[in-house]
Amino acid sequence: MPRFIDRFDRRRVFRLSLLAASLCGSAITGHAFAAETSSPPQQSLDDAWWTGSVIANSPAPLPKGHGYVESYFYDAKSPGVDAWGSQTYMLYGLSDRVTVGVRPLFGYTRIDGGGGSTHIGGGDIALHAQYALTTYSREKNRPALAVAIEESLPTGRYDRLDRASNGFGSGARTTTLGIYAQHYFWMPNGRILRGRVNISGSHSDRAHVRDLSVYGTSVGFAGDARPGNSVAFDNAWEYSITRNWVLATDFYYRHDAATILRDASGVRSRSHASDTFAVVPAIEYNWTPRVGVIFGTRYIPARGHNTRSLTPVVALSVFM
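Dropping the structure here:
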């Protein structure tokens, strides 16, 4: 709850981060020590099952005619606010190189002292397509690479709201271009470490805004808003402890340029640009190569105009 987060100061977060890092390090070095004494064979890719990580997208294409569904549920906790949300990636292998899909989003916000959402609301729906440039090859030491495009459609409510917390859309079309990379590394103990890198950039068009909105306008306002461009970088690592269990961590950075708001008379106001850093430790459990779950927590420290937030997240993935 938010009161707990208020007491969750930087020193405690730092100590917990050190503890998580120590546990990950102990797991890896412990396996490595066992490897030195018993010299086990290298783990095969078929013996490593994966779900995550929490943030990074996979460049690996779906086989033609197959589908993949991954549903996320989370609670973005910041002082005085719980922002619950759900988004689901529904992907389909159009060919052995082309993957397409859709990503709906839903949300609900609780605010201390009232003023939260009166109902669950739908956000903007995103259409996704990606093309595999290369597939992974251990023999050639070649990583998997893919380019992707995502178009976010302004389907969620964003203005003419009865209260601002009922808005989960942007009112603007947003185009995101990205490149994804993935590679496998064999540790000295024979276990597999999987690495991913995602780099993306987004551009939004104008949103026509009326009255109370997610842009902070009030009743009687008439004008438009242009969300600022953004760039994002994510570096993810997953360590296969056993066939079923995996440790994962994302290191995420995002820059959002200022949003420009203009009223009917032409007067402009500008929000602050923001830089967001996040670390997302997680653990995965995979029942089979096709079904898995991941539990994690995204931590964003307070920096500049960003407030500190802690977001527990769980996601279930199913390959069909």
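Final position of the sequence shown in the numbering used here is 320; the numbers increase by one with none missing.
No residue lacks a Cβ here, since even glycine has one placed at the ideal position from N, Cα and C.
Cβ neighbours of residue i in the same chain (closer than 8 Å, five flanking residues each side left out)
i: R136; result: Reading the sequence as shown, one finds Tyr at residue 136 and not Arg. Cβ neighbours of Y136 beyond the five flanking positions: A60, R142, P143, A144, Q182, H183, Y184.
Nearest candidate by alpha-carbon position, reference residue i, set the options
i: E150; options: Y158, L127, G171; result: L127
i: G113; options: V81, V98, G107; result: V81
i: R308; options: S78, P63, S71; result: S78
i: Y72; options: G292, S204, M320; result: G292
i: V331; options: D250, V197, W186; result: Because the chain in this structure spans residues 1 to 320, residue 331 falls outside the shown range and cannot be described.
i: Y252; options: S240, I125, T276; result: T276
i: T288; options: R268, A278, M320; result: M320
i: A76; options: V100, T297, F233; result: T297
i: L91; options: P104, P312, P40; result: P104
i: G216; options: L161, E139, V98, L62; result: L161
Sequence-distant residues of the same chain with beta carbon closer than 6 Å to residue i, five excluded per side
i: I179; result: V147, I199
i: A222; result: R210, A264
Three-way DSSP call (helix, strand, coil) for residue i in this model
i: A164; result: helix
i: I47; result: The sequence shown places Asp at residue 47, not Ile. D47: helix per DSSP, three-state reduction.
i: C24; result: Low per-residue confidence applies at C24: pLDDT is 47, beneath 50, and the placement is therefore not dependable, though the value from the model is reported in the following sentence. Looking at C24 - three-state DSSP - the assignment turns out to be helix.
i: A132; result: strand
i: M187; result: coil
i: I179; result: strand
i: A172; result: coil
i: T276; result: strand
i: P281; result: strand
i: L193; result: strand
Beta-carbon contacts of residue i that lie in its chain and below 7 Å, excluding the five residues immediately before and after
i: H305; result: H272, S274
i: F295; result: A282, I283, V314
Exposure label - residue i; buried when at least 16 CB within 10 Å
i: Y108; result: buried
i: V231; result: exposed
i: G220; result: exposed
i: F168; result: buried
Residue span of the beta strand (DSSP E) that contains residue i, given as start and end
i: M320; result: No beta strand (DSSP E) contains M320, which DSSP labels as neither H nor E.
i: A60; result: Per DSSP, A60 belongs to no beta strand (DSSP E) and is neither H nor E.
i: W237; result: 230–240
i: I300; result: 291–300
i: Y92; result: 81–93
i: A257; result: No beta strand (DSSP E) contains A257, which DSSP labels as neither H nor E.
i: I120; result: That residue, I120, is in no beta strand (DSSP E); it is neither H nor E in DSSP.
i: F221; result: No beta strand (DSSP E) contains F221, which DSSP labels as neither H nor E.
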